[in-house]
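Residue numbers (this note's numbering): 263 to 466.
Encoded as structure tokens, the structure appears first; notes follow it.
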């Protein structure tokens, strides 16, 4: 993005030169036409300058067409870079939000929802269901992050590939560390009787 901004700045500086060049060519062409007409249609002194002016006009038209093409491509690239920047910012925000919520879920799994004696079996069941639903949402969010990351990898600059892949690896590994079946219902979350745990295999 920074390199393209420098390029656009240089392009802007040259825009003034192009205007001056076009004006000079118009003036030369106009003076050549006036010279040819004043010669009464004869070739002495007028034909050569007329041919030169015509050639110069054609060259100027070709240069103008190329200039417009370069300007158009620059604007197009600017649009693509801005879209890529927005996409990268979205990816960054999603990953950090995902990891933050994953840390909160990890604390709940590690330290529990509070002393079991202070909660009824129904409260325990409800809180555990909410936690499991949250983890399911986290899994869907991870799929969205993975999809967006792969989309960015398909078009991003080679210098960005390592960073994107690194964040994808971190997100996937953190979720896998937190969510194997054996850790979805740790003993600290359970309330007697254990049959209220919705996850199979958690009963003692």
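Glycine is no exception: its CB is placed at the ideal position from the N, C-alpha and C atoms.
Determine the direct distance from the alpha carbon of residue j to that of residue i, and round the result to whole angstroms.
i           : j           : result
residue 437 : residue 352 : 20 Å
residue 411 : residue 427 : 8 Å
residue 285 : residue 345 : 37 Å
residue 360 : residue 387 : 25 Å
residue 445 : residue 356 : In this predicted model, residue 445 has a pLDDT of only 47, less than 50, meaning its place in the structure is not dependable; the value taken from the coordinates is given anyway. The straight-line gap from Cα to Cα measures roughly 24 Å.
residue 440 : residue 275 : 56 Å
residue 288 : residue 425 : 53 Å
residue 394 : residue 435 : 18 Å
residue 408 : residue 267 : 30 Å
residue 334 : residue 322 : 18 Å
residue 422 : residue 416 : 11 Å
residue 443 : residue 362 : Legend: pLDDT at residue 443 = 48, less than 50; position of this residue unreliable, value from coordinates given subsequently. Going by the C-alpha atoms only, they are around 21 Å apart.
residue 433 : residue 327 : 49 Å
What do you get for residue i, buried or exposed, if any count of 16 or more other CB atoms within 10 angstroms of its CB means buried?
i           : result
residue 332 : exposed
residue 447 : Its pLDDT being 45, under 50, residue 447 is placed unreliably in this model, and the value from its coordinates should be taken loosely. Looking at its Cβ environment, which holds 16 or more other Cβ atoms inside 10 Å, residue 447 is buried.
residue 494 : Examination of residue 494 is not possible in this model, given that the chain is present from 263 through 466 alone.
residue 316 : exposed
residue 391 : exposed
residue 370 : buried
Can you give me the Cβ contacts of residue i inside the same chain, cut-off strictly under 8 Å, excluding the 5 residues immediately before and after it?
i           : result
residue 270 : 336 and 340
Quick check on this structure: which residue in the options has the alpha carbon closest to the alpha carbon of residue i?
i           : options          : result
residue 342 : 441, 418 and 440 : 418
residue 278 : 329, 314 and 293 : 329
Just to confirm, does residue i get its C-beta within under 8 Å of one of the non-hydrogen atoms of the ligand SAH?
i           : result
residue 387 : Absence of the ligand SAH from the depicted structure is noted, as is the absence of any ligand whatsoever, leaving it without description.
Is it the case that the Cβ atoms of residue i and residue j are separated by a distance below 9 Å?
i           : j           : result
residue 319 : residue 414 : no
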